[in-house]
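Novice: The structure follows.
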Ligand code: C2E
Ligand code: MG
Ligand code: MG
Ligand code: MG
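Numbering (full-length UniProt numbering), first residue to last: 564 to 844.
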């Protein structure tokens with residue numbers, strides 16, 4: 564996967580290599596320096612409403628290429644950033660870059676894009692600061708609240724504290740959408756879903772990839788689609804790679820999709836080209 568994203572120097576293909584042979588203090592120091600110098604990129608993966616063929620959103624996915632370590636996967640460096648406290652400046656950087664970029668794209672679009680940013684548990688430890696920062700950046704970048712979405716994993720909701728519910732509610736009151744990422748992998752009780760301020764369930768990509776050509780293993784995605792419908796939530800499938808997976812989702816009326824079938828995450832220049840080609844074809 565890391566290989567596909569370019570860079571023959573990339574050495575962190577798996578978490579396994581992380582535990583064996585990396586110089587973690589050195590990696591940490593490099594990460595800190597990259598964040599300080601804003602040498603962090605954001606890639607964008609299109610979110611598509613397949614029935615109408617509209618690109619309605621872009622997920623912001625952070626990218627870091629180090630001179631020594633090569634392309635380091637966010638699966639590796641996000642946890643390090645969380646443990647060391649760099650996640651706050653890193654998150655602000657991703658927020659600033661992605662909101663500025665999407666706001667710029669929207670100036671010339673008839674269907675404005677919504678930008679989705681992945682939030683860590685850390686952001687919810689200081690909810691007032693988080694909310695103020697979100698408001699400040701969106702205002703600075705001239706991005707309306709309803710063109711902004713946050714993605715959080717179920718695990719953040721696991722400690723379903725009043726504090727987290729309150730800050731999600733505060734975000735939603737501003738017009739911001741809340742999406743539950745990797746939905747179905749969190750082993751959490753479903754009872755919380757009904758009471759939480761959320762807008763979208765994002766079906767985890769593992770469930771989509773398990774759907775084979777014989778249309779086996781469709782039970783879980785189908786159950787999640789029905790659950791979303793029952794709770795009046797939107798539902799999106801991530802990791803759609805194959806035509807038959809798309810077709811299956813369409814038969815279940817799940818029309819929002821994201822995945823390599825449409826596009827992998829792209830640099831901003833590539834994303835612009837994708838928009839042009841996709842919408843003018
Ligand atoms: P995620 O938010 O669930 O993002 C989806 C991941 O799946 C991305 O990996 C994306 O490149 C990949 N993907 C998308 N479509 C397909 C597909 O069709 N097939 C396959 N095999 N993979 C697909 P990526 O960019 O390496 O990010 C991994 C995780 O790192 C993300 O999972 C997210 O949890 C985290 N992450 C990325 N950027 C940020 C960020 O700015 N902040 C935080 N807190 N976490 C981030
Ligand atoms: Mg996500
Ligand atoms: Mg996900
Ligand atoms: Mg994930």
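Glycine included, C-beta positions come from ideal geometry on N, C-alpha and C. In this text, all values refer to a predicted model and were calculated from it rather than measured experimentally.
1. So, is residue 670 buried or exposed, given that buried needs 16 or more other C-beta atoms within 10 angstroms?
2. Mind checking residue 778: buried by the 16 CB within 10 Å criterion, or exposed?
3. So, do the region 658 to 674 and the region 627 to 645 have three or more beta carbon pairs nearer to each other than 8 Å?
4. Quick one: is residue 813 buried, meaning 16 or more other Cβ sit within 10 Å of its Cβ, or exposed?
5. Give every residue of the same chain whose Cβ lies closer than 6 Å to the Cβ of residue 748, excluding the five residues on either side of it in the sequence, and list them in chain order.
6. Which whole-angstrom value is the C-beta distance of residue 717 and residue 745, which I expect to be below 8 Å?
7. My output table needs one value for residue 630: the three-state DSSP class, helix, strand or coil.
8. Indicate the three-state DSSP secondary structure (helix, strand or coil) for residue 638 in the structure shown.
9. Indicate the three-state DSSP secondary structure (helix, strand or coil) for residue 803 in the structure shown.
10. Answer yes or no: do residue 837 and residue 824 have a C-beta to C-beta separation smaller than 8 Å?
11. By DSSP, does residue 610 sit in helix, in strand, or in coil?
12. State the DSSP-derived secondary structure class of residue 837, mapped to helix, strand or coil.
13. Using CA atoms only, rank isn't needed, just tell me which of 762, 827, 663 and 601 is closest to residue 792.
14. With a CB to CB cut of under 6 Å and the five nearest residues on each side skipped, what residues in its chain are close to residue 607?
15. Just how far apart, CA to CA, sit residue 573 and residue 632?
16. Measuring alpha carbon to alpha carbon, tell me which residue in 641, 665, 663 and 810 is nearest residue 591.
17. Just to confirm my understanding: we take residue 770, look at its own chain, exclude 5 residues before and 5 after, and list those with CB closer than 7 Å. What are they?
18. So which residues put a beta carbon under 7 Å from any heavy atom of ligand 3, going in chain order?
19. I'd like to confirm something about residue 736: is its beta-carbon nearer than 7 Å to some heavy atom of ligand 2, or not?
20. Taking 7 Å as the limit between beta carbons, can you name the residues of its chain near residue 780, skipping five residues before and five after?
21. Is residue 681 a contact residue of ligand 2, with contact defined as CB to any heavy atom under 7 Å?
22. Quick one: any contact between the region 674 to 686 and the region 695 to 710, if contact means 3 or more CB pairs under 8 Å?
23. So residue 678 is in the beta strand (DSSP E); what residue range does that whole segment cover?
24. Here's a check: name, in chain order, each residue in its chain whose Cβ is nearer than 7 Å to the Cβ of residue 732, leaving out the five neighbours to either side.
25. Go through the region 724 to 763 residue by residue and report every complete run of the beta strand (DSSP E) that reaches 3 residues or more, in order.
Specialist: The short version:
1. exposed
2. exposed
3. no
4. exposed
5. 767
6. 7 Å
7. coil
8. helix
9. coil
10. No, these two residues do not count as a Cβ contact at 8 Å.
11. The three-state secondary structure of residue 610, taken from DSSP, is strand.
12. It is helical.
13. 762
14. 621, 829 and 834
15. With a pLDDT of 47 at residue 573, under the threshold of 50, the modelled position of this residue cannot be trusted; read the value that follows with caution. The alpha-carbon atoms of residue 573 and residue 632 are separated by roughly 7 Å.
16. 641
17. Excluding positions up to five away in sequence, the list reads 747, 783 and 784.
18. Taken from the N-terminal end onward, the list reads 744, 745, 765, 767, 768 and 801.
19. The answer is no for residue 736.
20. 773 and 774
21. yes
22. yes
23. 677 to 681
24. 760
25. 740 to 746
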